[in-house]
Each structure stands twice: as structure tokens, then as C-alpha cells.
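A.B. asks:
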Amino acid sequence: MKITFIGGGNMAKALIGGLIKRGYSPSKMHVVEVSKEKSAELHNEFGVRATPELAVAVAHAEVLILAIKPQQLQEVALQLAPILAGQLVISIAAGIRTQDMARWLGTHNIVRCMPNTPALIRSGVTALYAMPAVVPEQCHRAESILSAVGSTLWVDDEEMLDAVTAISGSGPAYVFYFIEAMQQAAYELGLDEAQARQLVLDTFLGASKLAESSQEDVALLRGRVTSKKGTTEKALLSMEASQVKQGIVAAIHAAAARSRELGDELGKDA
Ligand SMILES: NC(=O)C1=CN([C@@H]2O[C@H](COP(=O)(O)OP(=O)(O)OC[C@H]3O[C@@H](n4cnc5c(N)ncnc54)[C@H](O)[C@@H]3O)[C@@H](O)[C@H]2O)C=CC1
Ligand SMILES: O=C(O)[C@@H]1CCC=N1
10 MKITFIGGGN MAKALIGGLI KRGYSPSKMH VVEVSKEKSA ELHNEFGVRA TPELAVAVAH
70 AEVLILAIKP QQLQEVALQL APILAGQLVI SIAAGIRTQD MARWLGTHNI VRCMPNTPAL
130 IRSGVTALYA MPAVVPEQCH RAESILSAVG STLWVDDEEM LDAVTAISGS GPAYVFYFIE
190 AMQQAAYELG LDEAQARQLV LDTFLGASKL AESSQEDVAL LRGRVTSKKG TTEKALLSME
250 ASQVKQGIVA AIHAAAARSR ELGDELGKDA
């Protein structure tokens with residue numbers, strides 16, 4: 010299957026890197042990228058062809074992946090409309106609704122999805138939504154691309170992609186933020202950089218694996234760490250006093266609202 014990425018930035022790189030690690034040939038991937046610097050990087054890092062020209066890259070593709078910013082999507086879609094030849098279009102752009110893309114592109118053969126950057130190491134998670142006109146074979150195609158770089162799930166209601174964006178699309182940034190905070194505390198407590206990195210990352214990995222392998226609720230697992238009058242209790246009481254959980258929940262609601270807002274703002278015809 011020949012794939013053309015339109016936009017060769019952070020997320021396209023994560024997907025391309027993950028697909029190559031899965032054994033997907035770079036010769037089957039094309040990137041349309043306006044930045045010369047980024048095109049050279051893509052070629053050097055992954056061996057894929059990167060060009061600023063849409064027409065040739067699109068003509069060769071069976072699947073197009075729109076990996077430009079939401080703000081760039083309408084302009085690119087309008088350029089694509091006259092040169093599309095039945096390709097499946099997969100959009101990874103936050104917020105932009107399929108009905109708006111269909112109007113710009115002149116096709117309903119669209120799958121909208123939300124991956125995340127751990128795709129680079131094939132540990133991503135992607136939720137997908139297909140327009141009703143997309144045939145099962147094309148849905149299978151989309152799923153096979155995204156499942157090469159992590160787990161996948163389908164949503165029937167497109168609006169759920171705003172929630173997905175807020176949870177798993179943006180989610181790696183929340184985890185990195187928590188890691189940064191724990192590393193800062195580790196340095197302040199006198200641990201060196203290597204020690205802090207090992208302790209913090211192995212704690213994240215270990216806790217995630219434990220939560221994944223357990224049938225029990227994570228609150229119960231948290232309870233097992235928390236001895237009466239012990240250190241964890243003290244830390245959690247401090248977090249409660251700072252309303253850390255409420256802050257995280259509010260932040261995720263804000264991200265979902267921003268995704269809906271992007272759809273409203275950018276879905277209108279310019
Ligand atoms: N970064 C992330 O974690 C995730 C991003 N997304 C979505 O992926 C999309 C891309 O995001 P990033 O990769 O982070 O952005 P980015 O800014 O790193 O990449 C966008 C790329 O598109 C290129 N570009 C701009 N105009 C173009 C045009 N007309 N033709 C071809 N290339 C063009 C830019 O030079 C840039 O390299 C966005 O729509 C975002 O919502 C989705 C999931 C996760
Ligand atoms: O921050 C953003 O808008 C994009 C979508 C999900 C992750 N990055």
C-alpha cells in the first residue's frame with residue numbers, strides 16, 4: 010500500500026518512524042512537505058521521498074494522510090480536491106470534522122483519527138472514525154496503518170474524537186509534565202540526573218504495567234501504596250490540598266473544548 014503524508018512534522022515523523030520499525034518500506038511512503046529543511050531531515054532520517062509538490066505524490070498514493078496543522082487543512086484540501094483519484098483520505102488533524110473536509114475535498118472517502126506521538130516507538134494509541142460512505146475494506150486499510158504503530162479503537166460518534174484528542178492525543182504531554190515535576194523534585198532532594206531518570210521513568214513504566222495487568226481499580230492499587238500515617242499519605246494529602254486531580258480534570262475538559270472550538274472556527278468556509 011502506497012501512502013502519501015501531507016505535512017511532515019512531528020506527528021507524521023512519529024507515524025513514519027513507527028511504520029518503518031514495523032517493517033514498512035520507506036520506498037512506499039511519500040511526504041509532501043513545504044519546508045526544505047524538514048524534507049531533508051525526513052529523507053536523511055527515514056529514507057522517504059519528501060517534496061513540496063502535491064500532484065505527483067498524490068497520483069502515486071493509494072492512501073493520503075493529512076498531517077498538517079488544523080489551520081492549514083482547508084487550504085490543502087481545496088488544492089487536493091481536483092487531483093484526488095479515489096484515494097482513501099485519513100486526517101489526523103485535531104478538531105476538523107469530516108463533513109467539512111468532505112465539502113472541501115469533494116469526497117466522502119474519509120477516515121478521521123487521533124493518534125499520539127508514542128507511535129514513533131510503536132506504543133501509540135489511535136481512535137478512528139469513518140464517514141458512513143467508507144467501505145469496510147478502506148476502514149480495514151486505515152486500521153492496518155494505525156495498528157502498525159500501536160493499539161486502535163473505533164468510535165461510532167465523531168464527537169468522541171474531541172474527548173479522545175483531550176485524553177490520548179494530548180495525553181503524552183500531561184505524562185511528560187508529571188515526569189518533569191517528579192524529576193525536579195528528585196534533583197531538589199539530591200539525586201543526580203541519571204538516578205532521577207531511572208527512578209522516575211521506571212516508576213511510571215512499572216505503575217502503568219501494574220495497572221494494565223491488574224483487574225483491580227487503580228484507586229485500590231493506589232491504596233496499597235498508601236500506608237496509614239506514612240509518606241504516600243502525606244504526599245497525597247498535599248496533592249488534595251493543591252487540588253491536583255481537579256486541575257488535571259479541568260485541563261482535559263479545556264483540551265476537549267479547544268478541539269470542538271477548532272472544528273467550529275476552522276470548519277467554516279473561508
Ligand atoms: N503532535 C501531536 O502530538 C499530534 C498532532 N496531531 C495532529 O497532527 C497534525 C500535525 O501536527 P504536528 O505534526 O504536531 O505539526 P507540525 O507543525 O510539526 O507539522 C506540520 C507540518 O506541515 C508542514 N506544512 C505546512 N503547510 C503545508 C502544506 N501546504 N503542504 C505540505 N506541508 C505543509 C509544515 O512545514 C510542518 O512540517 C495536526 O493537525 C495535529 O492536530 C494529532 C495527534 C497528535
Ligand atoms: O496540541 C494539539 O493540538 C495536537 C492534537 C493532539 C496533540 N497535539
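Basically this note's numbering = 1-based index in the sequence shown + 9.
C-beta: ideal position from N, C-alpha, C; glycine also.
Bear in mind that the values here come from a model prediction, so they are computed numbers and not experimental data.
With which residues is residue 180 paired in a DSSP beta bridge?
C.D. replies: In DSSP, residue 180 forms no bridge with anything.
A.B. asks: Taking only heavy atoms of ligand 1 into account, decide whether any of them is closer than 6 Å to the Cβ of residue 125.
C.D. replies: Residue 125: yes, Cβ under 6 Å from ligand 1.
A.B. asks: Give the range of the beta strand (DSSP E) segment to which residue 60 is assigned.
C.D. replies: Start and end: 58-60.
A.B. asks: Give the secondary structure of residue 140 by DSSP, where H, G and I count as helix, E and B as strand, and everything else as coil.
C.D. replies: Here residue 140 sits in coil by DSSP.
A.B. asks: Could you give the first and the last residue of the continuous beta strand (DSSP E) run that contains residue 39?
C.D. replies: Per DSSP, residue 39 belongs to the beta strand (DSSP E) from 38-41.
A.B. asks: For residue 200 and residue 206, I'd like the C-alpha separation in whole angstroms.
C.D. replies: In a straight line, the C-alpha of residue 200 is about 10 Å away from that of residue 206.
A.B. asks: What residue ranges within the stretch 20-105 form continuous alpha helix (DSSP H) runs of no fewer than 4 residues, ordered along the chain?
C.D. replies: List check, alpha helix (DSSP H) in window: 45-55, 63-68 and 79-89.
A.B. asks: Are the CB atoms of residue 142 and residue 115 within a distance shorter than 7 Å?
C.D. replies: Going by C-beta atoms, residue 115 is not nearer than 7 Å to residue 142.
A.B. asks: Could you tell me whether the stretch 12-25 touches the stretch 43-61, using the rule of 3 or more Cβ pairs below 8 Å?
C.D. replies: With a cut-off of 8 Å, the stretch 43-61 and the stretch 12-25 count as touching, because enough Cβ pairs lie within range.
A.B. asks: At which residues does the alpha helix (DSSP H) containing residue 4 begin and terminate?
C.D. replies: Past the boundaries of the shown model lies residue 4; the chain is included only from 10 to 279, so the question cannot be answered.
A.B. asks: Per DSSP, which residues does residue 257 bridge with? Please list them.
C.D. replies: Partner(s): none; residue 257 has no beta bridge.
A.B. asks: Between which two residues does the beta strand (DSSP E) carrying residue 13 extend?
C.D. replies: Residues 12-15.
A.B. asks: Taking 6 Å as the cut-off, is the beta-carbon of residue 179 closer than that to any non-hydrogen atom of ligand 2?
C.D. replies: Yes, the Cβ of residue 179 comes within 6 Å of a heavy atom of ligand 2.
A.B. asks: How many Å lie between residue 191 and residue 87 at the Cα?
C.D. replies: Their backbone Cα atoms lie some 46 Å apart in a straight line.
A.B. asks: Taking residue 133 as the reference, give the member of 35, 226, 118 and 162 with the closest Cα.
C.D. replies: When each option's Cα is compared against that of residue 133, the closest is 162.
A.B. asks: Tell me whether residue 150 sits in a helix, a strand or coil according to DSSP, three-state version.
C.D. replies: Here residue 150 sits in helix by DSSP.
A.B. asks: Suppose contacts are defined by Cβ-Cβ distances below 7 Å. Is residue 25 in contact with residue 55 by that definition?
C.D. replies: Against a cut-off of 7 Å, the Cβ pair of residue 55 and residue 25 comes out as a contact.
A.B. asks: Quickly, what does DSSP pair residue 160 with across the bridge? List them, please.
C.D. replies: Answer is 134, bridged to residue 160.
A.B. asks: Looking at the unbroken alpha helix (DSSP H) that takes in residue 220, where does it start and where does it end?
C.D. replies: Element bounds for residue 220: 202-222.
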